[in-house]
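Asker: So that we are looking at the same thing, I have put the structure below in structure tokens.
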Ligand code: 3PG
Ligand code: MG
């Protein structure tokens, strides 16, 4: 692989895989974080005197159209990104409405230094997700060099994220600046964590987080578990959890994890108390209780005061922090306090010198909501990708360039 920073793109067409899978509602981008995160890479190529061909997926068009036939490919277009990206870059962005058409090839070939072309959604073609070689080869013709800057999609072995790399020699494929930064931050936590190393894992389901917790048992000194998934642990230990979320088929697994952690000397911290609601709604009546003693008719939607105090102390003593998943239903004001307090504790520990990495859509939305994104060491653009990285898996998007 080549080094992006040392590479001069003068006179070259850089084909950049970005992850512009951003939330778009009625044609308007509601969160442009991933687009802004790709700008430094694009700008460096342009500043060198190169041109840029951008390619991305958006959503899961073919699968969704199969399920909801009223949808069409047009509902999954990347067209709404064009205007916003032009504004962010301060230059016109061209668009080709079919990523492997003659139109795409002609527009790419005609690019002058400083010009940018965005291709329509790669997933209009089933060959993209299948990792089809011919499709990857066609795409590869659109650039002189290949840059993967799509960390958010690095866990997919798709044509544009992995297979395409085979069509470029070692000195013509590389990570972009975003990918470099993501990999560096993730590797620092995975391989060089200063201890104590606390992992904060939240979210609704244990089944989604089992692999990451198992892998972190080998790395972390402390694991904080919050969010809906905590109640599966409480029930597994014989607690009364009322109507709280629970995966009844995962009770043994939860006990197993606790046992493994004890054997390895890793401290698992569960929220001792909870904020309760009488229904899953923003206007629910609220109460509080020990998490092992949730009365019938109530459900835990946030961690309570004792849990906040305990978790904040553990976080405050940490030198490395990994955070994936919220502590409660922070989208609703009544149930945001736990997640907010944890975000504040992570920010305070970072200020004291800890290295903190936050990833996963919900936890990133939380640090943004509480205006703390620039008070943590690194905010990842990867959800699934970050999860799989910390599950210890090899990410195809990374391996394809490195090998
Ligand atoms: C994401 O947002 O998770 C990435 O862009 C990958 O998308 P996918 O989960 O549809 O592959
Ligand atoms: Mg995903």
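In the working numbering, the protein residues as written are 2 to 404. Glycine is no exception: its CB is placed at the ideal position from the N, C-alpha and C atoms.
With DSSP as the reference, label residue 154 as helix, strand or coil.
Answerer: Here residue 154 corresponds to residue number 153 of the chain shown, with the count starting at 1. If DSSP states are grouped into helix, strand and coil, residue 154 belongs with the helices.
Asker: Express the C-alpha separation of residue 137 and residue 354 in angstroms, rounding to a whole number.
Answerer: Position 353 of the chain shown, counted from the start, is the residue given in the question as residue 354. Position 136 of the chain shown, counted from the start, is the residue given in the question as residue 137. Taking the straight line joining both Cα atoms gives about 44 Å.
Asker: For the beta strand (DSSP E) that residue 302 lies in, which residues bound it at each end?
Answerer: In the chain shown, counting from the first residue as 1, residue 302 sits at position 301. Unbroken beta strand (DSSP E) run through residue 302: 300 to 304.
Asker: Cα separation between residue 235 and residue 358?
Answerer: Within the chain shown, residue 235 is the residue found at index 234, counting from 1. Within the chain shown, residue 358 is the residue found at index 357, counting from 1. The alpha-carbon atoms of residue 235 and residue 358 are separated by roughly 27 Å.
Asker: At 3 residues or longer, and completely inside the segment 196 to 272: list those beta strand (DSSP E) runs for me, N to C.
Answerer: Fully enclosed beta strand (DSSP E) runs of 3 or longer: 198 to 202, 223 to 226 and 268 to 270.
Asker: Can you give me the C-alpha to C-alpha distance between residue 67 and residue 58, rounded to a whole angstrom?
Answerer: One-based indexing of the chain shown puts residue 67 at position 66. One-based indexing of the chain shown puts residue 58 at position 57. Approximately 17 Å between the Cα atoms of the pair.
Asker: Please name the residue or residues paired with residue 287 in a DSSP beta bridge.
Answerer: Start at 1 with the first residue of the chain shown, and residue 287 comes out as number 286. Looking at the DSSP assignment, residue 287 forms a beta bridge with 278.
Asker: Excluding the 5 residues flanking residue 216 on each side, which residues of the same chain have their C-beta closer than 8 Å to its C-beta?
Answerer: For the purposes of this step, residue 216 is taken as residue 215 along the chain shown, with counting starting at 1. So the qualifying residues of the chain are 391, 392 and 393.
Asker: Taking only three categories from DSSP, how would you classify residue 14?
Answerer: Position 13 of the chain shown, counting from 1, holds the residue named residue 14. In this structure, residue 14 counts as strand in the three-state DSSP scheme.
Asker: With a Cβ-Cβ cutoff of 8 Å, do residue 304 and residue 328 count as a contact?
Answerer: In the chain shown, residue 304 corresponds to position 303, counting from 1. In the chain shown, residue 328 corresponds to position 327, counting from 1. Closer than 8 Å, so yes.
Asker: Measuring straight from C-alpha to C-alpha, what distance separates residue 65 and residue 150?
Answerer: In the chain shown, the residue the question calls residue 65 occupies position 64. In the chain shown, the residue the question calls residue 150 occupies position 149. Answer to the nearest angstrom: the Cα atoms are 26 Å apart.
Asker: By the three-class DSSP mapping on this structure, what secondary structure does residue 357 have?
Answerer: The count along the chain shown starts at 1 and reaches residue 357 at position 356. Strand, per DSSP.
Asker: Measuring only from the beta carbon, is residue 195 closer than 7 Å to any heavy atom that is part of the ligand 3PG?
Answerer: Your numbering for residue 195 matches position 194 in the chain shown. It does not: the Cβ of residue 195 is nowhere closer than 7 Å to a heavy atom of the ligand 3PG.
Asker: Does residue 103 pass the burial test, meaning 16 or more other C-beta atoms within 10 Å, or should it be called exposed?
Answerer: In the chain shown, counting from the first residue as 1, residue 103 sits at position 102. Classification of residue 103: exposed, given that the 10 Å Cβ count is below 16.
Asker: What's the call for residue 42, buried or exposed, on a 16-neighbour Cβ count within 10 Å?
Answerer: Reading the chain shown from its first residue, position 41 is the one you call residue 42. That one is buried.
Asker: So who's on the other strand from residue 294, going by DSSP bridges?
Answerer: Position 293 of the chain shown, counted from the first residue, corresponds to residue 294. 241, per the DSSP bridge assignment.
Asker: Residue 23 to residue 36, Cα distance in whole Å?
Answerer: By one-based count along the chain shown, residue 23 stands at place 22. By one-based count along the chain shown, residue 36 stands at place 35. Using only the alpha carbons, I get a separation of about 8 Å.
Asker: Helix, strand or coil for residue 6 per DSSP?
Answerer: The residue given as residue 6 occupies position 5 in the chain shown. DSSP places residue 6 in coil when its eight states are reduced to three.
Asker: Got a sec, what are the start and stop residues for the beta strand (DSSP E) residue 175 sits in?
Answerer: Looking up residue 175 in the chain shown gives position 174. Counting along the chain, the beta strand (DSSP E) containing residue 175 begins and ends at 174 to 176.
Asker: Please name the residue or residues paired with residue 94 in a DSSP beta bridge.
Answerer: Here residue 94 is taken as the residue at index 93 of the chain shown, counted from 1. Bridge partners of residue 94: 117.
Asker: With C-beta atoms as the reference, is residue 322 less than 8 Å away from residue 199?
Answerer: Translated into positions along the chain shown, residue 322 becomes position 321. Translated into positions along the chain shown, residue 199 becomes position 198. Their beta carbons are under 8 Å apart, which means residue 322 touches residue 199 by this criterion.
Asker: Under the rule that 16 or more other beta-carbon atoms within 10 Å means buried, what is residue 237, buried or exposed?
Answerer: In the chain shown, the residue the question calls residue 237 occupies position 236. Flag for residue 237 reads buried.
Asker: Give the straight-line distance between the Cα atoms of residue 298 and residue 288, rounded to the nearest whole angstrom.
Answerer: Looking up residue 298 in the chain shown gives position 297. Looking up residue 288 in the chain shown gives position 287. Looking at the two C-alpha atoms, the distance is approximately 11 Å.
Asker: Check whether the segment 124 to 143 and the segment 81 to 89 are in contact - that is, three or more C-beta pairs closer than 8 Å.
Answerer: Counting Cβ pairs under 8 Å, fewer than three are found: no touch.
Asker: If I follow the unbroken alpha helix (DSSP H) through residue 52, where does it start and stop?
Answerer: Numbered from 1 along the chain shown, position 51 holds the residue referred to as residue 52. That residue, residue 52, is in no alpha helix (DSSP H); its beta strand (DSSP E) goes 52 to 56.
Asker: For residue 108, collect the residues of the same chain with a Cβ closer than 8 Å to its Cβ; drop the 5 residues on either side in sequence, then sort them by chain order.
Answerer: One-based indexing of the chain shown puts residue 108 at position 107. If we look at residue 108 and ignore the five residues flanking it on each side, its Cβ neighbours are 95, 97 and 118.
Asker: Where does residue 70 land, buried or exposed, given buried means 16+ other C-beta within 10 angstroms?
Answerer: Residue numbering aside, residue 70 sits at position 69 when the chain shown is read from its first letter. That one is exposed.
Asker: Given 7 Å as the limit, tell me if residue 22 has its C-beta closer than that to any heavy atom belonging to the ligand 3PG.
Answerer: Position 21 of the chain shown holds residue 22. Checking the Cβ of residue 22 against the ligand 3PG gives yes.
Asker: Considering just the uninterrupted stretch of the alpha helix (DSSP H) at residue 146, what are its terminal residues?
Answerer: Mapped onto the chain shown, residue 146 falls at position 145. No alpha helix (DSSP H) holds residue 146; the beta strand (DSSP E) holding it covers 146 to 149.
Asker: Just verifying my parser: in three-state terms, what is the DSSP assignment at residue 193?
Answerer: In the chain shown, counting from the first residue as 1, residue 193 sits at position 192. The answer is coil: DSSP assigns residue 193 none of H, G, I, E or B.
Asker: Determine the DSSP secondary structure at residue 311, reduced to helix, strand or coil.
Answerer: The sequence position of residue 311 within the chain shown is 310, counting from 1. Note: residue 311 maps to helix in three-state DSSP.
Asker: Quick one: which unbroken beta strand (DSSP E) runs of 3-plus residues sit fully inside the segment 326 to 378? Chain order, please.
Answerer: Qualifying beta strand (DSSP E) stretches, in chain order: 356 to 360.
Asker: Between 72, 284, 342 and 204, which has its C-alpha nearest residue 373's C-alpha?
Answerer: Counting from one through the chain shown, the residue named residue 373 turns up at place 372. Nearest of 72, 284, 342 and 204 to residue 373, Cα basis: 342.
Asker: Is residue 177 a contact residue of the ligand 3PG, with contact defined as CB to any heavy atom under 7 Å?
Answerer: Position 176 of the chain shown, counted from the start, is the residue given in the question as residue 177. No - the ligand 3PG has no heavy atom lying nearer than 7 Å to the Cβ of residue 177.
Asker: Is the closest heavy atom of the ligand 3PG to the C-beta of residue 18 under 7 Å?
Answerer: The sequence position of residue 18 within the chain shown is 17, counting from 1. No, the ligand 3PG has no heavy atom inside 7 Å of this Cβ.
Asker: Taking the alpha helix (DSSP H) that residue 66 falls in, what are its first and last residues?
Answerer: For the purposes of this step, residue 66 is taken as residue 65 along the chain shown, with counting starting at 1. Its alpha helix (DSSP H) spans residues 62 to 68.
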